[in-house]
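Chains as they are written, first to last, in the numbering used here: chain A, 1 to 372; chain B, 1 to 372. Don't be surprised by glycine CBs; every beta carbon is placed ideally from N, CA and C. Below: the structure, in structure tokens.
Take a look at the structure:
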């Protein structure tokens with residue numbers, strides 16, 4: 001029996017069409033070289049830039065390619081904090097570690113974490129004080145799929161004169177994302193979360209927003225991301241963005257239909273499982289908490305049965321600390337440790353979902369029998 | 001007639017064997033995931049780490065994978081400056097922009113640039129003052145191929161209590177590199193300069209050397225380089241390092257033989273060309289200065305004839321400023337602008353070299369006829 005991969009929020013399978021587009025570029029010229037080999041590489045990057053810009057409703061010249069979203073978040077946040085000399089930053093308590101830890105590590109920066117409700121949605125304050133220089137609110141949460149009120153935060157940030165960043169890694173390629181409608185100044189996204197390759201991310205920088213680069217070198221990516229471009233990965237990102245944009249409606253419908261299948265089967269098989277469903281959410285993600293079994297044990301049991309899922313965020317899976325996202329939603333340490341994330345990708349089928357729930361029921365009941 | 005690529009110091013063609021090893025990993029799991037898909041990706045990264053470590057005589061656990069050498073240099077230099085609170089750094093005037101500009105951009109850091117002789121070799125000072133916290137000397141220069149006395153600088157750095165970094169991008173895979181013999185604390189290298197893919201570099205960090213990370217996120221690469229690993233590129237780096245180590249002697253002999261062919265043909269056809277040959281050099285690189293024609297015009301003329309070469313460093317090719325390396329060697333602005341770099345790769349043939357020189361003679365004579 002083929003394995004079933006349901007950990008799309010950690011990374012997605014590479015779309016075979018994206019792979020085909022990447023292959024000719026694996027050994028190409030240096031895009032900074034003025035000779036033919038360099039110029040064709042430069043052209044390929046420019047075409048990819050158009051595709052990524054189209055996915056988020058932006059102008060191509062405002063898109064900066066990076067090696068991934070963690071780096072894009074760092075360029076955005078440290079770049080804005082340093083350029084503005086910001087002394088205070090505002091974010092939510094459920095940001096990805098690449099946002100939260102990066103802000104918390106800045107010497108002398110006062111970081112205010114906005115609390116969230118039980119569904120994981122950030123509680124909008126009435127206003128932001130003018131001492132806030134940078135605001136960062138993720139568009140969709142990686143652990144729960146909750147969609148945050150980013151445009152509302154962007155309005156508050158504008159009123160306070162702060163730079164507004166959104167980590168849109170889990171939203172781009174899954175729901176419509178439009179930088180103008182969001183009203184943000186900066187937006188980060190990643191290829192490998194939308195069936196593109198690892199090794200390519202992007203930061204959108206609204207014209208006129210000042211960022212101090214993390215480090216220097218050549219004048220690549222307007223000086224904001226020096227270093228020889230990974231042309232093949234960037235070409236793959238462009239292709240993935242194009243396919244994601246074309247398939248956005250179909251993906252959404254598929255996930256909404258499969259959500260019904262998943263949740264009905266789960267409620268029938270394991271009725272005491274808590275499912276963290278935000279009112280507005282990405283329908284590919286299920287965050288589950290069991291009353292009495294460890295998430296880690298469930299993950300390993302499912303792995304043995306041929307199913308790949310996650311506990312907490314992908315980046316901290318295997319780490320000792322239970323999810324800061326679930327803790328911020330009010331779960332105790334025990335609850336956070338008894339949680340599992342199932343996340344579907346663009347090709348997840350009804351059979352994948354029903355087989356996964358059946359395995360989940362077997363594994364959880366098996367663990368209960370062992371312990372009880 | 002097939003094009004002849006002689007710009008290997010900008011980027012090398014991907015070795016077909018490296019490509020084959022990469023392909024299975026283009027769409028793999030996230031190496032931080034504890035399930036099977038994640039574990040096999042982690043194992044692939046660990047095997048690559050062994051291969052890169054072997055190339056530089058290091059322990060695998062001391063190798064940190066990055067997205068490229070520009071980033072590796074930044075992690076080394078900014079990491080060491082910040083961890084040590086260094087107020088003064090020492091480097092050569094011919095460092096790559098990713099070293100020189102990164103150091104010069106640190107607020108409050110006094111950067112002392114060591115002069116070089118006419119062949120581009122750094123002039124070793126008698127001692128370094130104890131106020132120097134960080135020293136950075138490249139192992140081989142990207143524009144001239146000159147090999148620098150890194151182990152001598154490392155001794156001075158040790159005496160002064162400074163952290164010693166070497167940018168070994170143009171040396172690794174071309175000559176023997178051994179971190180113990182060099183006596184350095186930090187070493188940066190890159191896959192795509194040794195017939196590996198773009199998108200993977202490495203920083204070797206001697207055990208016990210403290211570095212402050214550029215930014216935070218997951219605990220990837222011991223926290224020094226957070227972000228989902230580009231598994232395919234890292235696997236390709238490992239393969240390229242393995243093939244480079246096995247082929248080191250053969251590459252060297254090939255380049256030494258082809259150097260004789262190149263220089264004899266050049267002296268016969270264009271006897272007034274200055275060739276910048278350091279006493280100890282990487283034999284793949286020729287830095288040429290013509291008395292009367294612009295390097296840019298020669299590059300474009302060769303490009304039209306089917307040959308890819310460079311002016312100045314790859315990263316600043318196309319930029320307005322003439323090479324800071326040639327200027328530091330005593331060439332005037334005119335001389336630096338009348339220069340071209342030809343750099344051979346592991347598969348460059350005698351026919352490539354003789355055809356290139358013949359084209360060079362035609363192009364230079366043609367330009368002279370036009371202007372005179």
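Please classify residue i: is it buried, with 16 or more other beta-carbons within 10 angstroms of its beta-carbon, or exposed?
i                      : result
residue 178 of chain A : exposed
residue 27 of chain A  : buried
residue 6 of chain A   : buried
residue 275 of chain A : exposed
residue 292 of chain A : exposed
residue 70 of chain A  : buried
residue 58 of chain A  : buried
residue 249 of chain A : exposed
residue 138 of chain B : buried
residue 267 of chain B : exposed
residue 272 of chain A : exposed
residue 256 of chain B : exposed
residue 222 of chain A : exposed
residue 371 of chain B : exposed
residue 321 of chain A : exposed
residue 365 of chain A : exposed
residue 1 of chain A   : exposed
residue 253 of chain A : exposed
residue 167 of chain A : buried
residue 185 of chain B : buried
residue 181 of chain B : exposed
Apart from the five residues just before and just after residue i, which ones in its own chain have a Cβ nearer than 7 Å to its Cβ?
i                      : result
residue 317 of chain B : Confidence at residue 317 of chain B is low in this model, with a pLDDT of 48, below 50, so its placement is unreliable and the value that follows should be read with caution. Excluding residues within five positions, the ones whose Cβ falls inside 7 Å are 310 and 311.
residue 265 of chain A : 354 and 357
residue 295 of chain B : 311, 337, 338, 339 and 340
residue 131 of chain A : 87 and 88
residue 118 of chain A : 329 and 330
Tell me which same chain residues have a C-beta within less than 8 Å of the C-beta of residue i, skipping the five on either side of it?
i                      : result
residue 84 of chain B  : 133, 134, 163 and 210
residue 226 of chain B : 213, 215, 216, 217, 218, 219 and 220
residue 50 of chain A  : 60 and 238
residue 13 of chain A  : 5, 195, 345 and 347
residue 333 of chain B : 322 and 327
Closer than 8 Å to a non-hydrogen atom of the ligand ADP - does that hold for the CB of residue i?
i                      : result
residue 196 of chain A : Of ligands this structure carries none, so the ligand ADP is not represented either.
Taking DSSP as the reference, what is the three-state secondary structure of residue i?
i                      : result
residue 272 of chain A : coil
residue 172 of chain A : strand
residue 167 of chain B : strand
residue 55 of chain B  : helix
residue 119 of chain B : coil
residue 374 of chain B : Only positions 1 to 372 of chain B appear in this structure, which leaves residue 374 of chain B out of reach.
residue 136 of chain B : strand
residue 317 of chain A : The predicted model places residue 317 of chain A with a pLDDT of 47, which falls under 50 and marks its position as unreliable; any figure quoted below should be read in that light. Here residue 317 of chain A sits in coil by DSSP.
residue 70 of chain A  : helix
residue 287 of chain B : strand
residue 113 of chain A : strand
residue 354 of chain A : helix
residue 203 of chain B : strand
residue 92 of chain B  : strand
residue 46 of chain B  : helix
Give the C-beta separation of residue i and residue j to the nearest angstrom, bearing in mind that I take them to be a contact with Cβ-Cβ under 8 Å.
i                      : j                      : result
residue 151 of chain B : residue 62 of chain B  : So it is not a contact: roughly 18 Å between Cβ atoms.
residue 146 of chain A : residue 121 of chain A : 5 Å
residue 359 of chain B : residue 302 of chain B : 6 Å
residue 305 of chain A : residue 308 of chain B : In fact, because the Cβ distance is near 53 Å, the residues do not count as touching under 8 Å.
residue 11 of chain B  : residue 192 of chain B : 5 Å
residue 202 of chain B : residue 72 of chain B  : 6 Å
residue 228 of chain B : residue 236 of chain A : Not quite, the Cβ-Cβ distance comes to about 14 Å (not below 8 Å), so this is no contact.
residue 136 of chain A : residue 81 of chain A  : Going by Cβ atoms, the distance from residue 136 of chain A to residue 81 of chain A rounds to 10 Å, so no, they are not a contact pair.
residue 64 of chain B  : residue 187 of chain B : Not really, about 11 Å apart at Cβ, beyond 8 Å.
residue 199 of chain B : residue 158 of chain B : The pair is not a contact, with the Cβ atoms about 34 Å apart (cut-off 8 Å).
Residue i touches chain D at which residues, Cβ-Cβ below 8 Å?
i                      : result
residue 102 of chain B : Here the protein chains are A and B, and chain D is not one of them.
Under 6 Å Cβ to Cβ from residue i, same chain only, skipping five residues before and after it: list those, please.
i                      : result
residue 367 of chain B : 293 and 297
residue 232 of chain B : 22, 25 and 26
residue 342 of chain A : 6, 286 and 309
residue 241 of chain A : 51, 52 and 55
residue 86 of chain A  : 133 and 134
residue 140 of chain B : 147, 170, 171 and 282
residue 102 of chain A : 74 and 77
residue 160 of chain A : 128, 130 and 132
residue 361 of chain A : 269 and 270
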